[in-house]
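Q: What follows is a structure written as structure tokens; I'll ask about it next.
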Amino acid sequence: MTILTSIPDPSPTPEAGALAADTEHVDLRMFGLATFLVADGMTFAGFFAAYLTFRAVNPLPPGAVYELELILPTLNTALLVASSFTFHRAAKELKQSRNGACRLWLLITASLGVAFLAGQMVEYFSLPFGLTDNLFASTFYALTGFHGLHVCLGDLMILIVWWQARVPGRFTPEHHFGVEAAELYWHFVDGIWLILFGILYLL
Amino acid sequence: MTLSLPPQTSHPSNLQPEGWLRYLSFSLDHKVIGLQYLVTAFFFYLVGGALAGMIRVELLSPISDFMPRETYNEVLTLHGTVMIFLWIVPVVNGGFGNYLIPFYVGARDMAFPRLNAVAFWLIPPAGFLLIASYFIAGAAQSGWTAYPPLSLTTPAAGQVVWILSVLLLGGSSIFGGINFIATVLKMRRPGLGMMQLPMYCWAMLGTSILVVLATPVLAGTLVLLSFDIIAHTGFFNPALGGNAVVYQHLFWFYSHPAVYIMVLPAFGLVSEILPVHARKPLFGYTTMVYSILGIVFLGLIVWAHHMFTSATPPWMRLFFTIATAFIAVPTGIKFFNWLATLWGGKIALNSAMLFSCAFIVHFVFGGITGVALAQVPFDIHVHDTYFVVGHFHYIVYGGTVFVVFGSIYHWFPKFTGRMLNEPLGRLHFLLTFIGFNLCFAPQHWLGLNGMPRRVAEYDPQFTLLNQLSSVGALLMAISTLPFLVNVVWSALAGQVAGDNPWNALTPEWLTSSPPPVENWKGPAPLVTHPYGYGVPEGQIDLKAVSGLEIWSEGR
């Protein structure tokens, strides 16, 4: 993590930029992360495609249906969408050098994420089916579980940058890759949930 | 941490091991990582080759007499998995990609050196895990495709280890792909445009796009398959209400692009070798670029041509047949461009060139059988027969592996500073060429006459052709010996190569052999015409200048 502080400023002038290849290149970590998220998104795309195909061609055993309770998941969706906005707010505070406010909003975001996971747990325990009951049950747990794993990791990232941000100057308005990366990841996880919610619960 | 500091305060080499030890270390130098990939992958090539040898020995006689049938299944599964995931993919992507791409874009290293080292170091454990499964619990028996329900009914332990190993290798491949995309798009030396890059950069960009888009789908699918095996869910198990064809779709969504992941880099490498040894510019640069992009796009939408016997509906057969036939257009463009590059050139028929020319021949043959296989009536006839085995070995061995050997003959002087021995190289070529064609050409006949693949026994009428094929395999095994002797002997005592023995113009030759850490002592050369061989030889003054001058002043 000390690597974050040793990245030199990006070249301020075109002339300095022209020498970049001979000294130091620009920070490509966000680009790398975005590419990785494309890959991660393709994993979900594979799962979604599998689920939609199952739904279209595989009849379930008698009594089972492709349908779920909606109240708790809708609340959960609201929590996750809200957390994207609170994270955006946290980054905005950081860009205006308000470190304390940034940490507060990060903590709120993390709490919303934890609340989402708690809601997911409640849903899991209240569902009438288990992992191996039928094809829909298996797909439901695989999809929400894989997404939940992403929420867990995202929450961990938020808590890490929240902890790092306790040191003043650790993240500056210009250089805060950790926060930026966690934010992009969080929005990604949020977006995936919206698709997942759409095809798993609403469709 | 070290690499992100400005060079004047701390040199990256200071904190890295020196000498041969760095090849065993977590080195961040792209050249070291490239050679680590090459050597590791070549080790697994020998392992996979030994497994292929076992298969060919078993098939010498129509009855199953050399090994138990279960062992035969394990051997053919390991052969496919090792050759694809531990030899071809790492060697043409990780090996040559890491070594050459930073040179070609005029960079000191890859975009993410640490990620690069991580990607490499995932490979040895994954490989040994896979091979160890054979000795501990019995390896997977369901082929490299691991189709359910076969993969659900064969012993679980080996299959789970297989999945773990492939997941690790897929992760390695994705990390590598991210690195190549970032390096080609974002690390180009200022002043170097995309359309001025050597063709291998485009090939690696296209390959990496496929890696990033397709590999994760395989990873997700294998996770679901492991649930089916361990937790007894029924995603792909028809007995539990699941759908085995969905697995095939998801598997081939990765594994058809994987063919291009294995062969596109070879296209790129051969596009570097031909102009140098024919002393002519690469013909049709722009069409080459668009062909690669076309192959990338089409490669993503043709997967179901592997599934014409999996109860695919007629509209799907029609679409995937047409889409597959379209791939013949960009690949045909590339084929004619290579021929036109050679046409009227001052061709030096050295080992690198011989292997490259053999690649063109084999690739065209494998490509034609590929177009034939895309036609539903024909495919249904030869599906799962030795015709398919012959076809894809013409692509991956006759195509990619020939290019890998050609590339080693071409770049060995850069890797080590010494030339490979030319007579030994030609002997290697001759044995490989004869052995390869003797081994795989008869398999087309076998397949057309109905010999199924992946079965240890066959109808006695196929005996002679199978024995011919096994003799070819033996020749291929023998051909490795002159190569190994050549590499070891030349690395220690070969003729000193100098910086640029081929008088090549691409940037990796405009530095010392082997290149220094960070690739150039001075500023990186700006090579805007990597194939500028069209001018009379005398006007290119390679000795007097360091590369930068040729390109910034001369033209």
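Note that the protein sequences, when read in sequence, are chains L and E.
Mapping of the first sequence onto the numbering used here: position 84 corresponds to residue 84, and the numbering continues sequentially without gaps.
Take any residue in the second sequence, note its place counting from 1, add 203, and you have its number in the numbering used here.
In this text, a Cβ means the ideal position worked out from N, Cα and C, and glycines have one as well.
Pull up the distance between the alpha-carbon of L:A21 and that of E:V294, whole angstroms please.
A: Stepping through the first sequence from its first residue, residue 21 of chain L is reached at position 21. Stepping through the second sequence from its first residue, residue 294 of chain E is reached at position 91. At L:A21 the pLDDT is 43, less than 50, meaning the model places this residue with poor confidence; the figure from the coordinates comes in the next sentence. Cα to Cα, the separation comes out at about 27 Å.
Q: Taking the alpha helix (DSSP H) that E:L388 belongs to, which residues open and close that run?
A: Mapped onto the second sequence, residue 388 of chain E falls at position 185. Per DSSP, E:L388 belongs to the alpha helix (DSSP H) from 359 to 389.
Q: Would you check if the distance between the CB atom of E:L472 and the CB atom of E:W541 is smaller than 8 Å?
A: As a position in the second sequence, residue 472 of chain E is number 269, starting the count at 1. As a position in the second sequence, residue 541 of chain E is number 338, starting the count at 1. In this structure, E:W541 does not lie closer than 8 Å to E:L472 by Cβ.
Q: Spatial neighbours of E:A528 within its chain, please: CB distance less than 7 Å, with the 5 preceding and 5 following residues excluded, ordered by chain position.
A: Position 325 of the second sequence holds residue 528 of chain E. Only V574, A577 meet the Cβ criterion.
Q: So for E:T714, helix, strand or coil by DSSP?
A: On the second sequence, position 511 is the one that residue 714 of chain E refers to. It is coil, neither helix nor strand.
Q: Quick one, are the C-beta atoms of L:I158 and L:L106 less than 8 Å apart?
A: The residue labelled residue 158 of chain L in the question sits at position 158 within the first sequence. The residue labelled residue 106 of chain L in the question sits at position 106 within the first sequence. Yes, Cβ-Cβ distance for L:I158 and L:L106 is below 8 Å.
Q: Quick one: measure Cβ to Cβ for E:L708 and E:G735, integer angstroms, because I've assumed they're closer than 8 Å.
A: Here residue 708 of chain E is taken as the residue at index 505 of the second sequence, counted from 1. Here residue 735 of chain E is taken as the residue at index 532 of the second sequence, counted from 1. That pair is a contact at about 6 Å.
Q: Could you check the C-alpha separation between L:V38 and E:V369 for me, to the nearest Å?
A: In the first sequence, the residue the question calls residue 38 of chain L occupies position 38. In the second sequence, the residue the question calls residue 369 of chain E occupies position 166. Each residue's alpha carbon lies about 20 Å from the other.
Q: Should the region 55 to 63 of chain L be regarded as contacting the region 75 to 92 of chain L, the criterion being three or more beta carbon pairs within less than 8 Å?
A: Judged by Cβ distances under 8 Å, the region 55 to 63 of chain L makes no contact with the region 75 to 92 of chain L, as fewer than three pairs qualify.
Q: Under 6 Å Cβ to Cβ from E:V448, same chain only, skipping five residues before and after it: list those, please.
A: Taking the first residue of the second sequence as position 1, residue 448 of chain E is located at position 245. Around E:V448: S513.
Q: Would you say L:G178 faces chain E, with C-beta separation under 8 Å as the test?
A: The count along the first sequence starts at 1 and reaches residue 178 of chain L at position 178. Output row for L:G178: interface = no.
Q: How is E:V699 classed by DSSP in three states: helix, strand or coil?
A: Along the second sequence, read from residue 1 onward, the residue named residue 699 of chain E stands at position 496. Reduced to three states, the DSSP call for E:V699 is strand.
Q: What did DSSP end up calling E:L557 once you bin it into helix, strand or coil?
A: The count along the second sequence starts at 1 and reaches residue 557 of chain E at position 354. Of the three classes helix, strand and coil, the one that applies to E:L557 here is helix, per DSSP.
Q: Which residues in the same chain have their Cβ closer than 7 Å to the Cβ of E:R656, if we skip the five residues on either side of it in sequence?
A: Taking the first residue of the second sequence as position 1, residue 656 of chain E is located at position 453. So the qualifying residues of the chain are D587, T588, Y589, V591, V592.
Q: Could you have a look at E:P626 and say whether DSSP puts it in helix, strand or coil?
A: The residue you call residue 626 of chain E lines up with position 423 of the second sequence. If DSSP states are grouped into helix, strand and coil, E:P626 belongs with the helices.
Q: Determine the closest residue to E:I326 out of E:P305, E:F229, E:R311, with distance taken between C-alpha atoms.
A: Counting from one through the second sequence, the residue named residue 326 of chain E turns up at place 123. Of the candidates E:P305, E:F229, E:R311, the one whose C-alpha sits nearest the C-alpha of E:I326 is E:F229.
Q: Specify, as a first and last residue, the run of the alpha helix (DSSP H) that L:H147 falls within.
A: Position 147 of the first sequence holds residue 147 of chain L. Element bounds for L:H147: 135 to 164.
Q: Tell me whether the beta-carbon of E:M390 lies closer than 8 Å to the beta-carbon of E:A310.
A: Along the second sequence, one-based indexing puts residue 390 of chain E at 187. Along the second sequence, one-based indexing puts residue 310 of chain E at 107. Going by C-beta atoms, E:M390 is nearer than 8 Å to E:A310.
Q: Between which two residues does the alpha helix (DSSP H) containing E:Q451 stretch?
A: The residue you call residue 451 of chain E lines up with position 248 of the second sequence. Per DSSP, E:Q451 belongs to the alpha helix (DSSP H) from 447 to 481.
Q: Ordered along the chain, which non-local residues of its own chain (more than five positions away) have a Cβ less than 8 Å from that of E:L263?
A: Counting from 1 along the second sequence, the entry for residue 263 of chain E is found at position 60. The answer, listed in chain order, is F269, N669, Q670, S673.
Q: Using a beta-carbon distance cut-off of less than 8 Å, what residues from the region 121 to 135 of chain L approach chain E?
A: Hits within the stretch, in order: L131, T132, N134, L135.
Q: With H, G and I counted as helix, E and B as strand and the rest as coil, what does DSSP make of E:T731?
A: Residue 731 of chain E sits at position 528 when you count from the first residue of the second sequence. Looking at E:T731 - three-state DSSP - the assignment turns out to be coil, as it is neither helix nor strand.
Q: Please state if the CB of L:T53 and the CB of L:F87 are separated by a distance shorter than 8 Å.
A: Locating residue 87 of chain L in the first sequence gives position 87, counting from the first residue. Locating residue 53 of chain L in the first sequence gives position 53, counting from the first residue. For L:F87 and L:T53, no; Cβs fall outside 8 Å.
Q: Does DSSP put E:R656 in a helix, a strand or coil?
A: The residue given as residue 656 of chain E occupies position 453 in the second sequence. E:R656 falls in the coil class under three-state DSSP.
Q: Whose Cβ in chain L lies nearer than 7 Å to the Cβ of E:T348?
A: As a first step, residue 348 of chain E must be located in the second sequence, where it is residue number 145. Within chain L, no residue comes near E:T348; the closest Cβ sits about 16 Å away, beyond 7 Å.
Q: Between which two residues does the alpha helix (DSSP H) holding E:R259 run?
A: In the second sequence, the residue the question calls residue 259 of chain E occupies position 56. Note, E:R259: alpha helix (DSSP H), 233 to 261.
Q: Please report the straight-line C-alpha distance between E:P717 and E:I550, rounded to a whole angstrom.
A: Counted from its first residue, the second sequence places residue 717 of chain E at position 514. Counted from its first residue, the second sequence places residue 550 of chain E at position 347. Rounded to whole angstroms, E:P717 to E:I550 spans 26 Å at the Cα level.
Q: Can you give the Cα-Cα distance for E:L355 and E:I432, rounded to whole angstroms?
A: Position 152 of the second sequence, counted from the first residue, corresponds to residue 355 of chain E. Position 229 of the second sequence, counted from the first residue, corresponds to residue 432 of chain E. C-alpha separation (whole angstroms): 6 Å.
Q: Find out if the Cβ-Cβ distance for the pair E:V420, E:G380 is shorter than 8 Å.
A: As a working mapping, residue 420 of chain E is identified with position 217 in the second sequence. As a working mapping, residue 380 of chain E is identified with position 177 in the second sequence. Cβ atoms of E:V420 and E:G380: not closer than 8 Å.
Q: Following the continuous alpha helix (DSSP H) through E:Q344, name the residue where it begins and the one where it ends.
A: Sequence index remark: in the second sequence, residue 344 of chain E carries index 141 (1-based). Neither: E:Q344 is in no alpha helix (DSSP H) and is coded neither H nor E.
Q: Exposed or buried, E:L521, counting other C-beta atoms within 10 Å across all chains shown (16 or more means buried)?
A: Numbered from 1 along the second sequence, position 318 holds the residue referred to as residue 521 of chain E. Exposed, by the Cβ-count rule.
Q: Of the residues that make up the region 438 to 457 of chain E, which ones have a beta carbon closer than 8 Å to any beta carbon in chain L?
A: Listed by position along the chain: F438, L443, G444, G445, N446, V449, H452, L453, F456.
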